[in-house]
Structures are given as C-alpha cells and as structure tokens.
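Data block below; observations after.
Number of protein chains: 2
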Amino acid sequence: MPTTDPAISLRDFQQLIRQMYLEKDVARGIDGTFMWLMEEVGELAAALREGTPDEQAAEFADVLAWLTTIANVAGVDLSAAVAEKYGEGCPGCGLLVCTCDDAEKP
Amino acid sequence: MPTTDPAISLRDFQQLIRQMYLEKDVARGIDGTFMWLMEEVGELAAALREGTPDEQAAEFADVLAWLTTIANVAGVDLSAAVAEKYGEGCPGCGLLVCTCDDAEKP
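Protein sequences, first through last, are from chains A and B.
Using the UniProt record's numbering, you'd call the opening residue of the first sequence number 1 and step up by one each time.
Using the UniProt record's numbering, you'd call the opening residue of the second sequence number 1 and step up by one each time.
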C-alpha cells in the first residue's frame with residue numbers, strides 16, 4: 001500500500017517532502033533548489049508537448065514536489081497559503097467561478 | 001469562514017481550481033496557460049529574493065494554482081500523480097529520507 005493516501009492533504013504531502021528532502025535542500029540552499037525546480041518545469045513543458053499521459057503525470061508530480069520542497073526551505077505552509085489566496089474565491093473577481101477578463105492578472 | 005479547509009486535500013484543491021478556472025483555461029489553451037505559470041514562477045523567484053513572508057506565501061499559492069490549472073487542462077490527477085511518484089519513498093533511492101547523491105537527479 002502506498003505511503004501516500006491518494007486523498008493526501010497538501011499539508012501531509014508537504015510533510016512527506018520535508019521528511020524526504022529537507023536536510024539536503026537546506027544544505028543546497030534556496031537558489032540551487034530553485035534551479036532544480038526550473039529543470040523540472042522544462043521537463044513538464046516537454047512532456048506537455050510530446051509526452052504520454054503517464055510521462056505528463058510524472059512531471060507534474062516532480063514540479064509539485066520541488067515547489068513544495070522550496071516552500072519547506074522558505075518556511076511557507078502551502079496549505080495555509082492557498083487557503084488565504086484562493087479560499088474565498090478567485091483573488092481577482094471574488095467569485096467561485098472566475099469572471100476576470102482574460103487579459104487581467106487574476 | 002474560508003471555503004478552503006486549511007487541511008484541504010490536493011484533490012479538493014484541484015477541484016476548486018477546476019471550478020474556478022477550467023472554462024477560461026480550456027479557451028486559452030495549454031500553451032497560453034503555461035505562459036501564466038512562467039510569469040508566476042518569475043514572481044516567486046523575486047519574492048524569494050526580496051519579498052516578505054506574506055508575499056512569498058502568495059506567490060507559492062499562485063504557482064501551485066497555475067500548475068493545478070494546467071493539470072486540469074491536461075487531464076492529470078495531481079493527487080494520483082504524486083502518490084505514484086513519491087508514495088513509496090524517494091523515486092531515486094526508495095527511502096523515506098532520501099540518500100541520493102546531490103548531483104543525481106532524484
């Protein structure tokens with residue numbers, strides 16, 4: 001049985017990544033860890049362009065993991081961050097179904 | 001009370017973002033939506049360099065939201081994706097506390 005519940009909370013995923021990687025991440029530092037995030041973002045772009053669904057899923061997982069690992073180093077709680085920014089509807093228009101003009105930054 | 005439970009599951013967050021933005025995202029397409037992700041990644045870099053903790057939290061939330069929104073367009077379940085990739089330990093060394101050489105790609 002996977003360690004990660006398919007209905008895992010963002011908080012528990014952040015803790016999993018913390019346990020798995022924090023020591024290495026702190027040793028490497030935020031800038032070096034951000035470089036890894038960028039590498040994975042590039043791989044995600046490639047997978048979206050020409051990858052299989054499984055390859056795309058793997059790259060999404062990697063980007064999320066590296067984003068989360070940087071959040072751990074920076075001391076940011078992702079669960080609280082998204083609740084604060086998106087918990088009351090779109091940050092731009094305030095609605096649960098966004099009506100912002102597409103040219104505007106939500 | 002925020003719509004988003006601070007202990008929100010990744011699955012529920014993906015559904016929240018789907019409800020909020022999917023129609024607009026599909027109309028814009030994956031490439032255009034990926035451009036927004038890149039813009040937010042740049043803002044995250046700036047916030048990590050010189051932003052306050054609150055500013056950093058907001059940028060982490062935005063990057064996560066845009067990543068999630070692209071996953072919706074691509075038809076990828078982030079919760080299943082991270083369970084598959086990270087649910088049994090580090091993808092590189094298989095351990096819950098990673099022992100990969102730092103030069104290796106996990």
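Here a beta-carbon is modelled for each residue, glycine too, at the ideal position from N, C-alpha and C.
- According to the DSSP assignment, T69 (chain B) belongs to the alpha helix (DSSP H) that extends over 53 to 74.
- Judged by DSSP secondary structure, L96 (chain B) falls outside any alpha helix (DSSP H); it is assigned neither H nor E.
- G29 (chain A) carries a coil assignment under DSSP once its states are collapsed to helix, strand and coil.
- By the rule that beta-carbons nearer than 8 Å mark a contact, E55 (chain A) does not touch chain B.
- Using a CB distance cut-off of 8 Å, M20 (chain B) counts as an interface residue toward chain A.
- L48 (chain B) sits close to F34 (chain A), with the two beta carbons spaced by under 8 Å.
- When 8 Å is used as the limit between beta carbons, V26 (chain A) is near no residue of chain B, the shortest such separation being about 12 Å.
- Scanning its chain for C-beta atoms nearer than 8 Å, with the 5 sequence neighbours on each side dropped, one finds around D25 (chain A) the residues T33, T69, I70, N72, V73, in chain order.
- Taking CB atoms only, E50 (chain B) has no neighbour in chain A less than 8 Å away.
- In this structure A81 (chain A) is not in contact with K85 (chain B), their Cβ atoms being roughly 22 Å apart against a cut-off of 8 Å.
- For A74 (chain B), the chain A residues whose C-beta falls within less than 7 Å of its own C-beta are L48, Q56, listed in chain order.
- Taking every protein chain shown into account, the CB of A7 (chain B) has fewer than 16 other CB atoms within 10 angstroms, so this residue is exposed.
- Distance between L10 (chain A) and R11 (chain B), taken at the CA atoms: about 9 Å.
- In the assembly as shown, A57 (chain A) is a buried residue. Its beta-carbon has 16 or more other beta-carbons within 10 Å.
- Counted as a single uninterrupted DSSP element, the stretch harbouring A7 (chain A) is not any alpha helix (DSSP H), since DSSP gives it neither H nor E.
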